[in-house]
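Asks: These protein sequences, in sequence, are chains L and B. Per the numbering used here, residue 1 is the first one in the first sequence, and the count goes up by one each step. Per the numbering used here, residue 1 is the first one in the second sequence, and the count goes up by one each step. No residue lacks a Cβ here, since even glycine has one placed at the ideal position from N, Cα and C.
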Amino acid sequence: MAVKLILRDKEYEVRPGMALVDALKKNNIVPESVIATRDGEMITDDEILRDGDVVKLIAVISGG
Amino acid sequence: MRQHKLALCKEHYLEWIPEQTERFIKKYEMFTREEKILVAVSGGKDSLSLWDILVRLGYQADGLYLGLGIDGGINYSNESRRLAEKFAKENNLKLHVVDIEKEYGQPIPVMAQISHRGYGKPCAVCGLAKRHEMNRIARDLGYDVLATGHNLDDEAAVLFGNTLNWVSEYLLRQGPVLPASADGLARKVKPLCRFYEREMTAYAIARGIEYIYEECPFAEGSQSILYKETLNQLETVRPGAKLIFYLNFLEARKSGNLFIEKNMEMQKMHPCPKCGQPTSAPDFCSFCRMIEKMKAEITSSD
Ligand code: SF4
Ligand SMILES: [Zn+2]
Ligand SMILES: [Zn+2]
């Protein structure tokens with residue numbers, strides 16, 4: 001198993017044991033531009049990702 | 001840093017946001033509990049959260065939704081209107097709805113095509129119509145204040161654009177409050193202008209506010225999104241950069257030090273007694289002082 005990050009229609013896989021912020025940076029996702037949720041609850045940047053986690057990323061940027 | 005606020009437990013976070021909003025409303029003298037406020041509601045996270053916060057704080061705030069007639073394959077306007085109306089109904093609030101097409105005969109994208117404004121994108125026409133209609137409704141229905149949900153990232157992005165192009169007339173007007181004009185335009189305020197966009201998203205989610213997640217299809221590739229992304233990269237390596245950029249701008253303008261010419265005149269320069277170059281330091285210029293200090297250190301360590 002691994003950790004899955006989902007942002008819009010894209011999926012990323014990362015190794016468990018990493019902090020969320022590092023997992024984001026590793027996939028070129030700017031941490032400041034997303035909010036992460038797991039099982040519907042928000043998690044913070046320093047959260048350590050565990051095996052089997054599914055993290056849903058919500059884009060925060062809006063505007064035209 | 002500020003980011004740690006997101007680590008507050010949900011209950012405290014949901015209290016912290018309105019407390020801070022109240023502080024900003026007072027600090028910038030936006031409005032009082034006696035005044036009637038019209039909140040421009042788009043169905044997005046910021047405007048719905050703003051409405052929610054103002055009502056929680058006990059302000060008299062009604063909503064205004066403008067139907068732009070934008071579909072873009074995602075039914076954008078209808079869906080955002082549905083969410084705005086749902087929020088109003090669930091919270092027992094008054095929402096005025098103005099449909100541009102009903103009022104003026106054409107939806108925004110068609111209006112933009114016919115009027116040939118804005119280089120293929122309806123945003124110029126859309127912005128113009130939104131401003132006009134917000135002012136009109138506020139005046140006709142007797143509101144004292146018009147409140148919009150602009151957050152720190154919106155303001156920093158606008159400031160970034162205005163600074164890249166040095167448009168001084170906009171720089172002089174941008175701020176948390178735009179006073180009422182003599183000819184009857186309502187005061188405009190931005191109570192969320194010091195919250196990060198990320199903080200506002202967290203608030204909407206934690207409050208369970210159902211907002212429109214999809215962008216207006218015309219926002220794709222817009223300049224403001226490019227500026228926001230750029231500033232977020234900066235923020236990631238220099239936490240606090242966006243807030244400093246915005247607050248120091250407000251401070252510099254208030255103190256009258258924003259424009260350089262003026263600043264140069266005010267500073268008294270005199271020649272450095274050692275090298276003769278002009279300096280504003282009281283005695284030797286900074287370079288000569290550095291050299292002196294270095295020499296002194298070398299001799300003392302000998
Ligand atoms: S991106 Fe914004 S300004 Fe442009 S058409 Fe859509 S709502 Fe209007
Ligand atoms: Zn007019
Ligand atoms: Zn000198």
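Taking any Cβ of chain L, which residues in the segment 154 to 171 of chain B have a Cβ under 8 Å from it, in chain order?
Replies: Closer than 8 Å at the C-beta level to chain L, one finds these residues of the segment 154 to 171 of chain B: 154 and 157.
Asks: Quick check: the segment 136 to 143 of chain B against the segment 200 to 217 of chain B, are there 3 or more CB pairs under 8 Å?
Replies: no
Asks: Below 8 Å, how does it come out for the segment 210 to 221 of chain B and the segment 72 to 81 of chain B: are there three or more Cβ pairs, yes or no?
Replies: yes
Asks: At a CB-CB cut-off below 9 Å, which residues of chain B make contact with residue 18/L?
Replies: The residue given as residue 18/L occupies position 18 in the first sequence. The premise fails here: residue 18/L is roughly 17 Å from chain B at the closest Cβ pair, so nothing lies under 9 Å.
Asks: Can you tell me where the alpha helix (DSSP H) with residue 96/B in it begins and where it stops?
Replies: Here the question's residue 96/B lines up with position 96 in the second sequence. Note, residue 96/B: premise wrong, no alpha helix (DSSP H); beta strand (DSSP E) at 95 to 99.
Asks: One question on the structure: do residue 60/L and residue 229/B come within less than 8 Å of each other, judged by their Cβ atoms?
Replies: Position 60 of the first sequence, counted from the first residue, corresponds to residue 60/L. Position 229 of the second sequence, counted from the first residue, corresponds to residue 229/B. No, they are not a contact pair.
Asks: Do residue 218/B and ligand 1 come close, with the Cβ less than 7 Å from some heavy atom?
Replies: As a working mapping, residue 218/B is identified with position 218 in the second sequence. Yes, Cβ of residue 218/B sits closer than 7 Å to a heavy atom of ligand 1.
Asks: Spatial neighbours of residue 40/L within its chain, please: CB distance less than 7 Å, with the 5 preceding and 5 following residues excluded, ordered by chain position.
Replies: Residue numbering aside, residue 40/L sits at position 40 when the first sequence is read from its first letter. Cβ within range, chain order: n/a, list empty.
Asks: Look up residue 8/L in the DSSP assignment and say whether it is helix, strand or coil.
Replies: As a working note, residue 8/L is residue 8 in the first sequence. Coil.
Asks: Considering residue 170/B, what are the terminal residues of the alpha helix (DSSP H) in which it resides?
Replies: Numbered from 1 along the second sequence, position 170 holds the residue referred to as residue 170/B. Segment 168 to 173, the alpha helix (DSSP H) holding residue 170/B.
Asks: Just checking, does the segment 35 to 48 of chain B make contact with the segment 145 to 152 of chain B on the three C-beta pairs under 8 Å criterion?
Replies: In short, these stretches touch, since the Cβ pair count reaches three.
Asks: For the putative contact between residue 152/B and residue 26/B, defined by C-beta atoms under 8 Å, what is the C-beta separation to the nearest angstrom?
Replies: Counting from 1 along the second sequence, the entry for residue 152/B is found at position 152. Counting from 1 along the second sequence, the entry for residue 26/B is found at position 26. Not confirmed; about 18 Å, so no contact.
Asks: Of the choices 37/L, 32/L, 44/L and 51/L, whose alpha-carbon is the least far from that of residue 237/B?
Replies: Locating residue 237/B in the second sequence gives position 237, where the first residue counts as 1. Measuring from the Cα of residue 237/B, the nearest candidate turns out to be 32/L.
Asks: For residue 21/B, does the count of other Cβ atoms within 10 angstroms reach 16, so buried, or fall short, so exposed?
Replies: Counted from its first residue, the second sequence places residue 21/B at position 21. Residue 21/B comes out buried.
Asks: Between residue 271/B and residue 286/B, what straight-line distance do the alpha-carbon atoms span, to the nearest angstrom?
Replies: For the purposes of this step, residue 271/B is taken as residue 271 along the second sequence, with counting starting at 1. For the purposes of this step, residue 286/B is taken as residue 286 along the second sequence, with counting starting at 1. Between residue 271/B and residue 286/B, the C-alpha separation is close to 12 Å.
Asks: Any beta carbon from chain B within less than 8 Å of residue 42/L's own beta carbon?
Replies: Within the first sequence, residue 42/L is the residue found at index 42, counting from 1. Yes, contact with chain B.
Asks: Within the same chain, show all residues whose beta-carbon is closer than 7 Å to that of residue 274/B, passing over the 5 residues directly before and after it, in chain order.
Replies: Sequence index remark: in the second sequence, residue 274/B carries index 274 (1-based). Counting only Cβ-Cβ distances below 7 Å, and skipping sequence neighbours, we find 284 and 288.
Asks: Considering only heavy atoms of ligand 4, does any lie closer than 7 Å to the CB of residue 293/B?
Replies: The ligand content of the structure shown is limited to ligand 1, ligand 2 and ligand 3, which means ligand 4 is not among them.
Asks: List the residues of chain B whose Cβ lies closer than 8 Å to the Cβ of residue 58/L, in chain order.
Replies: Position 58 of the first sequence holds residue 58/L. For residue 58/L, the chain B residues whose C-beta falls within less than 8 Å of its own C-beta are 201, 205 and 213, listed in chain order.
Asks: Please return the same chain residues whose Cβ sits closer than 7 Å to the Cβ of residue 108/B, not counting the five positions on each side in sequence.
Replies: Taking the first residue of the second sequence as position 1, residue 108/B is located at position 108. These residues qualify, in order along the chain: 68, 69, 70, 100, 122, 125, 126 and 129.
Asks: Quick one, which of 155/B, 225/B, 227/B and 232/B has its alpha-carbon nearest residue 248/B's?
Replies: The residue given as residue 248/B occupies position 248 in the second sequence. Checked all of 155/B, 225/B, 227/B and 232/B; the closest Cα to residue 248/B is 155/B.
Asks: For chain B, find out if any of its Cβ atoms is closer than 8 Å to the Cβ of residue 35/L; answer yes or no.
Replies: The count along the first sequence starts at 1 and reaches residue 35/L at position 35. With 8 Å as the cut-off, residue 35/L counts as an interface residue toward chain B.
Asks: Compile a chain-ordered list of the residues in the segment 226 to 241 of chain B whose CB is closer than 8 Å to at least one CB of chain L.
Replies: 228, 229, 232, 233, 235 and 236
Asks: Could you check whether the Cβ of residue 193/B sits closer than 8 Å to any Cβ belonging to chain L?
Replies: In the second sequence, the residue the question calls residue 193/B occupies position 193. No, residue 193/B does not count as interfacial toward chain L.
Asks: Using a C-beta to C-beta distance shorter than 7 Å, which residues of chain L count as neighbours of residue 129/B?
Replies: The sequence position of residue 129/B within the second sequence is 129, counting from 1. Within 7 Å Cβ-Cβ: nothing; residue 129/B doesn't reach chain L, min ~14 Å.
Asks: Run the Cβ filter for me: residues under 6 Å from any heavy atom of ligand 3, listed in the order they occur in the chain.
Replies: 272/B, 274/B, 275/B, 277/B, 284/B, 285/B, 287/B and 288/B
Asks: Go ahead and label residue 191/B buried or exposed: buried means 16 or more other beta carbons lie within 10 angstroms of its beta carbon, across all protein chains shown.
Replies: Counting from one through the second sequence, the residue named residue 191/B turns up at place 191. So residue 191/B counts as buried.
Asks: From the beta carbon of residue 30/L, is the nearest beta carbon of chain B less than 8 Å away?
Replies: The sequence position of residue 30/L within the first sequence is 30, counting from 1. Cβ-Cβ to chain B under 8 Å: yes for residue 30/L.
Asks: Just verifying my parser: in three-state terms, what is the DSSP assignment at residue 37/L?
Replies: The sequence position of residue 37/L within the first sequence is 37, counting from 1. DSSP places residue 37/L in strand when its eight states are reduced to three.
Asks: In three-state terms, what does DSSP make of residue 150/B?
Replies: Against the second sequence, residue 150/B aligns to sequence position 150. If DSSP states are grouped into helix, strand and coil, residue 150/B belongs with coil.
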